[in-house]
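Enquirer: Before we start, here is the structure in question, set down as structure tokens.
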Amino acid sequence: MKNVTQDFRFAFRNFRTRPWFMVVIVLTLAVGIGANTAIFSVVHGVLLGGLPVSDPERVVVCFNNGVKAAGGDHTPLAVADVLDWRAQTRVFEDVGAFAWNRPTYTGGDLSEQIVCVDVTSNFFEIVKAKPLLGRTFLPEQGDPGAPASIVVSEQFWREKLSADPDVIGRSLKIGEAQPSIVAVMPASFDFPSQEVRAWRLMPWTTPTRRGPYFLTGLARLAPGATLQQARIEAGGLMSSFDH
6 MKNVTQDFRF AFRNFRTRPW FMVVIVLTLA VGIGANTAIF SVVHGVLLGG
56 LPVSDPERVV VCFNNGVKAA GGDHTPLAVA DVLDWRAQTR VFEDVGAFAW
106 NRPTYTGGDL SEQIVCVDVT SNFFEIVKAK PLLGRTFLPE QGDPGAPASI
156 VVSEQFWREK LSADPDVIGR SLKIGEAQPS IVAVMPASFD FPSQEVRAWR
206 LMPWTTPTRR GPYFLTGLAR LAPGATLQQA RIEAGGLMSS FDH
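The working numbering runs 5 ahead of the 1-based position in the sequence shown.
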């Protein structure tokens with residue numbers, strides 16, 4: 006519960022400093038999927054015009070939306086939700102997800118927590134963001150058992166890694182693992198927050214149940230698809246998921 010409270014406080018600060026993201030929230034869609042669970046699908050158009058991405062109007066963020074007893078609006082997705090959506094969608098070119106984290110970085114003079122986003126291997130492909138150094142995650146790097154990988158921000162690279170031009174392949178002491186750096190993102194890329202210092206690859210395994218719910222969905226509309234079509238599909242697909 007302490008971590009959840011911290012997450013909500015962080016999200017509120019982010020909303021205040023990123024007004025464009027607040028616009029996302031008012032574009033809510035809620036489609037019911039059952040009288041008992043009252044879980045809903047929510048799709049938002051994300052205004053990424055200030056970021057170095059291709060066709061930002063095609064990028065959307067996906068949430069669950071439930072009644073107050075189930076957590077209220079903008080509740081997280083489960084891994085099973087994202088996998089089912091990815092397998093069945095017709096309007097999205099690709100579907101991924103991310104989750105906030107604050108691992109401890111112990112590679113410097115002092116241990117410190119950093120703002121990190123755990124992401125699926127297609128995260129950077131969905132937003133079409135180009136690295137300053139290296140290359141972003143490959144699909145196979147998200148497979149179970151693959152070596153841990155991480156992408157760092159330019160600020161982290163300069164402040165913590167002395168802007169080492171040979172940083173690619175270097176291991177970081179972060180959290181309980183030592184992921185290898187595969188890329189450095191330019192300072193202009195600060196999605197989903199200006200406070201993010203690293204994007205850590207999230208390995209995926211096929212879940213045995215629907216929960217837990219901890220993810221924010223991220224997707225790119227297929228060429229010619231509209232947000233309205235995505236809203237309609239979201240309701241239909243989510244209503245078929247076994248929550």
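Positions of the beta carbon are idealized from the N, C-alpha and C atoms, including for glycine.
Could you spell out where the alpha helix (DSSP H) holding Ile186 opens and where it closes?
Expert: Counting along the chain, Ile186 falls outside any alpha helix (DSSP H), though it belongs to the beta strand (DSSP E) covering Ser185 to Met190.
Enquirer: Quick check on Glu98: does DSSP put it in helix, strand or coil?
Expert: In the structure shown, Glu98 sits in a strand (DSSP, three-state: E or B).
Enquirer: Of all the options Val201, Asn69, Arg63 and Asp86, which has the alpha carbon lying nearest to the alpha carbon of Arg214?
Expert: Selected option, being the one with the closest Cα: Asp86.
Enquirer: What's the gap between the Cα of Phe128 and the Cα of Arg225?
Expert: Those two C-alpha atoms are separated by around 10 Å.
Enquirer: Is the beta carbon of Ala168 less than 8 Å from the beta carbon of Trp162?
Expert: Cβ distance < 8 Å, so Ala168 and Trp162 count as in contact.
Enquirer: Rounded to whole angstroms, what's the CA-CA distance from Gly147 to Leu115? Just pull it up for me.
Expert: Cα to Cα, the separation comes out at about 30 Å.
Enquirer: Whole-angstrom Cβ separation of Pro81 and Leu220, contact assumed at under 8 Å?
Expert: Confirmed, about 5 Å.
Enquirer: Would you decide whether Ala134 is buried or exposed? Buried here means 16 or more other CB atoms lie within 10 Å of its CB.
Expert: Label assigned to Ala134: buried.
Enquirer: Would you check if there are 3 or more beta carbon pairs closer than 8 Å linking the segment 92-112 to the segment 226-233?
Expert: Result yes; three or more Cβ-Cβ pairs closer than 8 Å.
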